[in-house]
Structures are given as structure tokens and as C-alpha cells.
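Written out below as C-alpha cells is the structure these notes cover.
Residue numbers (the numbering used here): 660 to 853.
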């Protein structure tokens, strides 16, 4: 976020910031010179612009400042992705253990191996962000006899994406798409949905 004076006065920027935090997406606050950070940005990573990094006549940010911010942004993005993946895997683990199943472990490509009640083995692909047809293709191409699912966090996804994922799930029988919040519910009734 480019934190300029009045940033949080807009309903839209305020909502966007709050929703990013609600999804566990890390935020890099790029502070305009002489701006005082809002207390709402206390959990954000910070990059401060200096007066000398902004051309006084054009308002253009210097190339060196942009490179510095981009490098920091990539570090924040990759850490955020890792944290969101760990949180998703933890939610899957909690869901399967809640129904009496067992979390076996995480294998290559972050594939999660589960044992459901009744000893049924399932391989899960946790998907941070929107699962795509490529994600489904990769999951269906597993060299495994175990059934496969993609578990994703649906909060904040556009209804069109959710409809598309439902459609893909109905037409690609080798992989199930499961909302993270429904994981325990869906895994408890796995056999009934062959």
C-alpha cells in the first residue's frame, strides 16, 4: 500500500487493507515522506520513502527506490505465501483429526497425505489463492492410487470463480475441490461421493 495522507479515509482503501489482513495476506506499507503511519498499519512491513527519492517537479519515485521497494515486496510476498500455506495445511490437519482421521505428513509439492476414518488414504493439494484448471490437471496427474482433493480458502473469491470451481469439480471426477472451511465435513462423508 502506498500510505499517503488520508489513505484510510476512503472506504475502498480501508476495506481493501482490512480484507487483506483477514485473508492473512501480508501488507507492505510504503510510507510517503513525512506521513505518520496509522495505528492500523502496525502489523504491516514498512518501507519509507525519503524526500530525496521523489522528484520534486514530477513527483516520480526514483528507480533506486522502486528497486528497493520491489525487493522488499517480493520478500514480504514469499513469506506471506509460506505462512498462508502453513495455515491452510494446519486447518486441513485440524479438520481431519477432528473427524477421527490422521494427518500422515506433507510430501513433495506440499501434497498433504491423510488417513480418513476407516483407513481411506487421501492426497490433498492445498491451494493458496484461486485453484485453476492447471492446479486440477497437476492434482489429477498424480502417480497414486489414492483419491485426490484440492483444498482452498474460498473467502473473498469472486462468485464467478466459485461457480467455475464447482463446475470443474462436477466435470473432473478424479479430483475434488473442497473449501477449507468444509474440509472436515467433506472428508467425513468421502465414501458417499465416489
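Using N, Cα and C, we set each Cβ at its ideal position, and we do this for glycine too. Because the structure is a prediction, the values reported are computed rather than measured.
query, result
"Cβ of residue 689 within 9 angstroms of Cβ of residue 709?", "no"
"What's the gap between the Cα of residue 767 and the Cα of residue 840?", "24 angstroms"
"What first and last residue would you give for the alpha helix (DSSP H) that runs through residue 675?", "670-681"
"Measure how close the beta-carbons of residue 733 and residue 724 come, nearest whole angstrom, since I'm counting them as under 8 angstroms.", "Their Cβ separation, rounded to whole angstroms, is 15 angstroms, which puts residue 733 and residue 724 out of contact at 8 angstroms."
"Relative to the C-alpha of residue 815, which residue among 682, 784, 718 is closest?", "682"
"Can you look up residue 858 in the DSSP assignment and give me helix, strand or coil?", "With the chain represented from 660 up to 853, any question about residue 858 goes unanswered, as that position is not in the structure."
"Within the segment 761-822, note down every full alpha helix (DSSP H) run reaching 4 residues or more, in order along the chain.", "792-799"
"How close, in whole Å, do the beta carbons of residue 765 and residue 748 come, if the pair is a contact with beta carbons under 8 angstroms?", "6 angstroms"
"Which first and last residues belong to the alpha helix (DSSP H) in which residue 709 is found?", "Neither: residue 709 is in no alpha helix (DSSP H) and is coded neither H nor E."
"Would you mind sorting residue 718 into buried or exposed? The rule is 16 or more other CB atoms within 10 Å of its CB.", "exposed"
"With C-beta atoms as the reference, is residue 740 less than 9 angstroms away from residue 781?", "no"
"Using only the alpha-carbon positions, how far apart do residue 647 and residue 846 sit?", "Past the boundaries of the shown model lies residue 647; the chain is included only from 660 to 853, so the question cannot be answered."
"Nearest by alpha-carbon distance to residue 778: which of 826, 759, 743, 796 is it?", "759"
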